[in-house]
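Undergrad: Residue numbers (the numbering used here), protein chains in the order written: chain D, 1 to 239; chain Y, 240 to 478.
(1) Relative to chain D, which residues along the stretch 384-401 of chain Y have a C-beta separation below 8 Å, given in chain order?
(2) Any chance the stretch 150-159 of chain D sits against the stretch 122-140 of chain D, with 3 or more Cβ pairs inside 8 Å?
(3) On the premise that residue 266 of chain Y lies in contact with residue 344 of chain Y, defined as a C-beta separation below 8 Å, what is that separation, rounded to the nearest angstrom?
(4) Can you find a CB in chain Y that lies within less than 8 Å of the CB of residue 170 of chain D?
(5) On a Cα-Cα basis, can you pick out the residue from D/35, D/108, D/64 that is closest to residue 98 of chain D?
(6) Let me check understanding here. Comparing Cα to Cα, which of D/155, D/62, D/24, D/110 lies closest to residue 230 of chain D?
(7) Output needed for residue 385 of chain Y: all residues of its chain with C-beta closer than 7 Å, excluding positions within five of it in sequence on either side, in chain order.
(8) In the DSSP assignment, the beta strand (DSSP E) including residue 276 of chain Y goes from what residue to what residue?
(9) Using a Cβ-Cβ distance under 8 Å, would residue 378 of chain Y count as near chain D?
(10) Applying the criterion that 16 or more other CB atoms from any shown protein chain within 10 Å of the CB defines a buried residue, is residue 222 of chain D buried or exposed?
(11) Taking only beta carbons into account, state which residues of the stretch 350-374 of chain Y come closer than 7 Å to chain D, listed in chain order.
(12) Within the continuous alpha helix (DSSP H) that includes residue 335 of chain Y, where are the two ends?
(13) According to DSSP, which residues form a beta bridge with residue 178 of chain D?
(14) Name the DSSP bridge partner or partners of residue 199 of chain D?
(15) Would you say residue 436 of chain Y and residue 418 of chain Y are within 8 Å of each other, going by their C-beta atoms?
(16) Any idea if residue 41 of chain D is buried or exposed, counting beta-carbon neighbours within 10 angstroms, 16 or more meaning buried?
(17) Roughly how many angstroms separate the alpha carbons of residue 173 of chain D and residue 11 of chain D, rounded to a whole number?
(18) Under the rule that 16 or more other beta-carbon atoms within 10 Å means buried, what is residue 19 of chain D, buried or exposed?
(19) Taking only three categories from DSSP, how would you classify residue 389 of chain Y?
(20) Just to confirm, is the Cβ distance from residue 25 of chain D to residue 228 of chain D under 8 Å?
(21) Can you tell me which of the three DSSP states residue 362 of chain Y falls into?
(22) I'd like the ranges of any alpha helix (DSSP H) spanning at least 4 consecutive residues and lying wholly in the stretch 285-352 of chain Y.
(23) Can you name, in chain order, every residue of its own chain whose Cβ lies under 6 Å from the Cβ of residue 286 of chain Y, other than the five neighbours on each side?
(24) Which stretch, first to last residue, makes up the alpha helix (DSSP H) that contains residue 452 of chain Y?
(25) Pick helix, strand or coil for residue 167 of chain D, following the three-state DSSP scheme.
(26) Apart from the five residues on each side of it in sequence, which residues of its chain come closer than 7 Å, Cβ to Cβ, to residue 379 of chain Y?
(27) Let's test the definition: count the other Cβ atoms within 10 Å of the Cβ of residue 305 of chain Y and tell me whether it reaches 16, buried, or not, exposed.
(28) At which residues does the alpha helix (DSSP H) containing residue 378 of chain Y begin and terminate?
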């Protein structure tokens with residue numbers, strides 16, 4: 001599904017990362033499993049991730065000072081450990097587990113799809129993850145970003161307009177020359193309201209293989225694709 | 240020249256860019272030549288670059304509001320055009336010329352040397368160039384940065400300590416785990432005073448083939464190398 005001419009002037013593809021480029025659920029679950037805690041790893045992963053939006057909302061409201069995602073992740077992790085009554089982890093193991101977000105595994109098509117898209121566009125991250133996290137992840141997962149942009153650069157978390165508009169400003173292009181690629185319609189809607197183009201990528205099993213999510217096309221998006229390879233085919237064909 | 244054990248804990252190599260990674264003088268001179276202006280291109284390039292430090296000092300002092308280097312370059316360019324009494328350039332040509340800094344050519348060893356260094360270290364820019372400029376330059380010159388860091392991220396120009404310390408903070412490492420690589424001893428001295436390791440790279444003809452510069456080793460630097468290939472050899476050997 002692609003609208004005619006939507007990408008005539010497209011110059012920059014900005015990617016949401018958690019869930020869109022990498023499989024956070026499978027990766028966090030694997031690391032939790034290896035710790036042999038008395039807990040269901042899939043559930044632990046979902047609970048940790050569920051703390052993410054409320055924690056960022058506390059920063060957006062000013063209740064918490066600006067801090068990078070590593071620090072928010074740690075606050076949430078300690079809450080989750082308490083909730084699950086886990087007190088067997090050493091401080092070093094907690095710190096290591098907290099950085100599992102730096103080690104998330106890309107979806108099988110991510111590196112190849114990004115390499116294809118990189119031939120025609122500037123490809124960058126636009127993630128709430130901090131720069132160090134995204135850099136470590138890219139290095140381990142061979143993600144060939146032209147540039148790593150993050151809420152840490154703009155000092156605002158998505159969906160603050162300054163993040164989406166910030167991409168356009170960094171590259172000195174119009175908002176309509178930037179496309180956000182994401183597996184989440186709320187992120188895409190916020191980008192669209194700032195004038196960006198939008199591409200939805202299905203990540204059907206983002207929350208685990210037993211929690212298939214609704215990936216029905218939303219007609220407001222310019223593109224709907226199964227994965228990054230299909231996205232590259234669509235953007236190349238309609239060029 | 241390398242000190243024993245200086246890189247035991249080295250994790251991040253941060254590179255100055257103009258002059259260190261790319262040949263600004265040769266590149267600007269070439270673009271000016273192609274415009275057939277009534278001016279000596281080598282001299283024009285040096286004069287434009289000479290306006291750089293004073294312009295940044297005006298931002299550091301607060302006389303000018305923070306602005307990205309593209310905008311400072313444009314202010315200086317208009318001064319230089321006036322000084323050389325050039326009024327034949329259209330507005331579009333001035334804008335295009337101003338962006339010649341996005342198109343600077345890497346030194347012959349840069350891409351290969353960076354690829355070698357990338358195997359063992361996080362490699363990032365630490366440049367006063369803006370993010371868009373550095374991204375466009377990397378894409379055209381195949382510079383395989385893990386991450387693009389810029390004064391634009393830290394909202395301070397080098398040699399402000401927040402730029403050098405900002406690299407350590409972004410990657411959550413100690414300043415001594417970061418090495419600045421540069422062809423300029425003043426940049427390296429500022430990094431050293433913040434606790435970073437330093438590597439000087441000769442770029443003997445940075446100011447043109449007829450303006451060979453003094454590249455004598457300074458004993459305060461941890462490494463002195465002719466180019467990035469030698470730097471990779473030194474850092475690998477002493478690992």
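For every residue, glycine included, the Cβ atom is placed at its ideal position computed from N, Cα and C.
Quantities reported herein were computed from a predicted structural model and do not represent experimental measurements.
TA: The answer reads as follows:
(1) 385, 386, 387, 388, 391, 392
(2) yes
(3) Taking the second chain and counting its residues from 1, the one referred to as residue 344 of chain Y is at position 105. Taking the second chain and counting its residues from 1, the one referred to as residue 266 of chain Y is at position 27. About 5 Å separates the two Cβ atoms, so the contact holds.
(4) Indexing the first chain from 1 puts residue 170 of chain D at position 170. Yes, its Cβ sits closer than 8 Å to a Cβ of chain Y.
(5) Residue 98 of chain D sits at position 98 when you count from the first residue of the first chain. Taking only the C-alpha atoms, the option nearest residue 98 of chain D is D/35.
(6) Start at 1 with the first residue of the first chain, and residue 230 of chain D comes out as number 230. Closest option to residue 230 of chain D, Cα to Cα, is D/110.
(7) Indexing the second chain from 1 puts residue 385 of chain Y at position 146. Once the five neighbours on either side are set aside, the close Cβ partners of residue 385 of chain Y are 357, 361, 362, 363.
(8) By 1-based counting over the second chain, the position of residue 276 of chain Y is 37. Per DSSP, residue 276 of chain Y belongs to no beta strand (DSSP E) and is neither H nor E.
(9) As a first step, residue 378 of chain Y must be located in the second chain, where it is residue number 139. Residue 378 of chain Y counts as touching chain D.
(10) Position 222 of the first chain, counted from the start, is the residue given in the question as residue 222 of chain D. Answer is buried; the Cβ neighbour count reaches 16.
(11) 361, 370, 371, 374
(12) The sequence position of residue 335 of chain Y within the second chain is 96, counting from 1. Residue 335 of chain Y -> alpha helix (DSSP H) spans 330-337.
(13) Residue mapping note: residue 178 of chain D aligns to position 178 of the first chain, counting from 1. In DSSP, residue 178 of chain D forms a bridge with D/12.
(14) The count along the first chain starts at 1 and reaches residue 199 of chain D at position 199. Answer by DSSP bridge pairing, in chain order: D/181, D/223.
(15) Taking the first residue of the second chain as position 1, residue 436 of chain Y is located at position 197. Taking the first residue of the second chain as position 1, residue 418 of chain Y is located at position 179. Yes.
(16) In the first chain, counting from the first residue as 1, residue 41 of chain D sits at position 41. Flag for residue 41 of chain D reads buried.
(17) Mapped onto the first chain, residue 173 of chain D falls at position 173. Mapped onto the first chain, residue 11 of chain D falls at position 11. When rounded, the distance between both Cα atoms is 8 Å.
(18) Position 19 of the first chain, counting from 1, holds the residue named residue 19 of chain D. It is buried - the Cβ of residue 19 of chain D has at least 16 other Cβ atoms within 10 Å.
(19) Against the second chain, residue 389 of chain Y aligns to sequence position 150. Looking at residue 389 of chain Y - three-state DSSP - the assignment turns out to be strand.
(20) Position 25 of the first chain, counted from the start, is the residue given in the question as residue 25 of chain D. Position 228 of the first chain, counted from the start, is the residue given in the question as residue 228 of chain D. Note that the C-beta distance between residue 25 of chain D and residue 228 of chain D is not below 8 Å.
(21) The residue labelled residue 362 of chain Y in the question sits at position 123 within the second chain. In this structure, residue 362 of chain Y counts as strand in the three-state DSSP scheme.
(22) 291-299, 308-322, 330-337
(23) For the purposes of this step, residue 286 of chain Y is taken as the residue at position 47 of the second chain. Hits under 6 Å: 319.
(24) For the purposes of this step, residue 452 of chain Y is identified with residue 213 of the second chain, where counting begins at 1. Careful: residue 452 of chain Y lies outside any alpha helix (DSSP H) and carries neither H nor E.
(25) What you label residue 167 of chain D is simply residue 167 of the first chain in a count that begins at 1. Helix, per DSSP.
(26) Taking the first residue of the second chain as position 1, residue 379 of chain Y is located at position 140. Counting only Cβ-Cβ distances below 7 Å, and skipping sequence neighbours, we find 342.
(27) Residue numbering aside, residue 305 of chain Y sits at position 66 when the second chain is read from its first letter. By the 10 Å Cβ count, residue 305 of chain Y comes out exposed.
(28) As a position in the second chain, residue 378 of chain Y is number 139, starting the count at 1. Element bounds for residue 378 of chain Y: 370-380.
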